[in-house]
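Per full-length UniProt numbering, residue 1 is the first one in the sequence shown, and the count goes up by one each step. All residues carry an ideal CB built from backbone N, CA and C; glycine is no exception.
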Amino acid sequence: MDHLLLNGKKFYYEEIANYSFRNSIPLNGYEVTTLEFCRNWLNGVQEIAINTSGSTGAPKLITLTRVQMEASARYTLQALNLQKNDRALVCLNTEYIGGMMMLVRGFVGNLNLTIIEPIGNPVKYLPPNGPDKFEFGSFVPMQLQAIIAESPEKKYLLNQMKAILVGGAAVSKDLIKQVQAIEAPVYHTYGMTETSSHVALKRLNGSQPDAYFRAASSVQLGTDGRGCLTITGDLTANQLIVTNDLVNLVSKHEFEWLGRVDNTINSGGIKVQAEKVEVVLAQALLDLQLDKRSFITALPDDKLGQRVVAVLEGEKLNNTEEEALKRRLNQVLNKYEVPKAFQYISDFCTTPTGKIDKPATLKNLL
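And the structure:
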């Protein structure tokens, strides 16, 4: 390919590399940032400075090499059987690793790139002069859910794809149920900025969905003394990455994700995994038709040390609703896992990549 589409505007790679369009085409801030990355890549830059998303702590600036980003791109292209001239929809923020690697995959694989600014429903305002078919797309769960719920008439865009990636946040049971109706393969991704995007994929739909995440063959997996995943390989520039993700390593390339070690709550000496409770809480809210985002946190407790607390977005549930929610949770969770209290915040804070920013949100609570 010799060009890309950005918000409906055509930019040729030669003019991007030379930045010769600056005075002739009006650009907004997102377009400038995206094109500057493209210019650097096309001019052969060997190191890329990039911010982590900040979903589990303060954002930090790290450096990735061109070699490891190219290795990551080739892994994805091969795993998803993407071919030259396949059309890719880029609707993730290109300032962060998910969107940035979509651009790199386009350059490495000679894909036809259609880039739009990230919004909740990325197919709602597709540029009229863009393609009406894509072979590849990558979304955060919120975006994929919005397409299914708000734009059912455009579901054909999903069905026609060779592969769909969804990641950057937990995938709810409700979304897993909804993607069963999508004809294209949908893969949940596991990865982070330090690994140049995903290092493992898990198919969510089809006749034989995957039970576990499966890593690239060039990646070596292990666990440390805490039971947390370690990763080494070309995607990490052969540096050992020690994660805070608790896993069950079922083979040398497959693992079951259990949750984050820093999301383990010690309540009266009993270890409670916050992610497990969050999944049950989200499903219970869905079953009761209570449209609320939620998460689990720990607050200090004089007797227990820490107590499990559910944080819900929006107006407070009435007594009947809250009691019904408690009954649902008690049916699935053990007595240590059931939240000891419900707290409410009008609006959750989010990171630039659309994840719930728990530390920032909790500042409004405490």
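A buried status is given to residue 200, since no fewer than 16 other beta-carbon atoms sit within 10 Å of its beta-carbon. In the DSSP assignment, residue 18 falls within the alpha helix (DSSP H) that extends over 13-18. Secondary structure of residue 329 (DSSP, three-state): helix. For residue 319 and residue 325, the gap between their C-alpha atoms comes out near 10 Å. Taking 9 Å as the cut-off, the beta carbon of residue 288 is found no closer than this to the beta carbon of residue 315.
By the criterion of a C-beta distance shorter than 8 Å, residue 47 is surrounded in its chain by 63, 64, 65 and 66, once the five residues flanking it on both sides are discounted.
About 6 Å separates the beta carbons of residue 333 and residue 280, which is inside the 8 Å limit, making them a contact pair. Apart from the 5 residues on each side of it in sequence, residue 164 sits with its Cβ closer than 6 Å to the Cβ of 137, 184 and 186 in its chain, given in chain order.
Within the UniProt domain "AMP-dependent synthetase/ligase" (52-205), the runs of beta strand (DSSP E) at least 3 residues long that lie entirely inside it are, in chain order, 61-65, 87-90, 112-115, 136-139, 163-166, 186-192 and 197-203. Under the DSSP definition of a beta bridge, residue 296 partners with 310. When the alpha-carbon of residue 172 is set against those of 204, 181 and 112, the nearest one is in 204.
Only residues of its own chain outside the window of five on either side were considered, and among them 87, 88, 89, 114, 157, 160 and 161 have a CB closer than 8 Å to the CB of residue 134, listed in chain order.
Its chain contains 72, 97, 101 and 191 as the residues whose beta carbon lies nearer than 6 Å to that of residue 197, once the 5 sequence neighbours on both sides are disregarded; these appear in chain order. As far as DSSP is concerned, residue 212 takes part in no beta bridge. DSSP places residue 344 within a strand segment (E or B) once states are collapsed to three. Residue 264 is bridged by DSSP to 273. Judged by their CB atoms, residue 31 and residue 51 are not nearer to each other than the 9 Å cut-off. Just measuring C-alpha positions, the residue of 259, 237 and 2 sitting nearest residue 226 is 259.
Boundaries for residue 249: no alpha helix (DSSP H) harbours it, while the beta strand (DSSP E) harbouring it runs 241-249, taken from the DSSP string.
Under DSSP, residue 9 forms a beta bridge with 6. Counting C-beta pairs with one atom in each stretch, the segment 34-48 and the segment 72-82 have fewer than three that are closer than 8 Å, which means they do not touch. The C-alpha of residue 153 lies about 45 Å from the C-alpha of residue 336. Less than 9 Å divides the Cβ of residue 352 from the Cβ of residue 93. By the Cβ criterion, the segment 229-247 is not in contact with the segment 102-122, since fewer than three pairs of Cβ atoms, one from each stretch, lie closer than 8 Å. Between residue 309 and residue 298 a beta carbon distance of about 7 Å is seen, short of the 8 Å cut, so the two are scored as contacting. With 16 or more neighbouring CB atoms inside 10 Å of its own CB, residue 263 falls in the buried class.
Cβ neighbours of residue 354 within its own chain (closer than 6 Å, five residues either side excluded): 140 and 142. By the Cβ neighbour-count rule, residue 294 is buried, with 16 or more other Cβ atoms within 10 Å of its own. Listed as beta-bridge partners of residue 255 by DSSP are 213 and 249.
Cβ-Cβ distances below 6 Å link residue 179 to 186, 204 and 205 in the same chain, with the five nearest sequence neighbours on each side left out; the list follows chain order.
A distance of 9 Å or more separates the beta carbons of residue 155 and residue 176.
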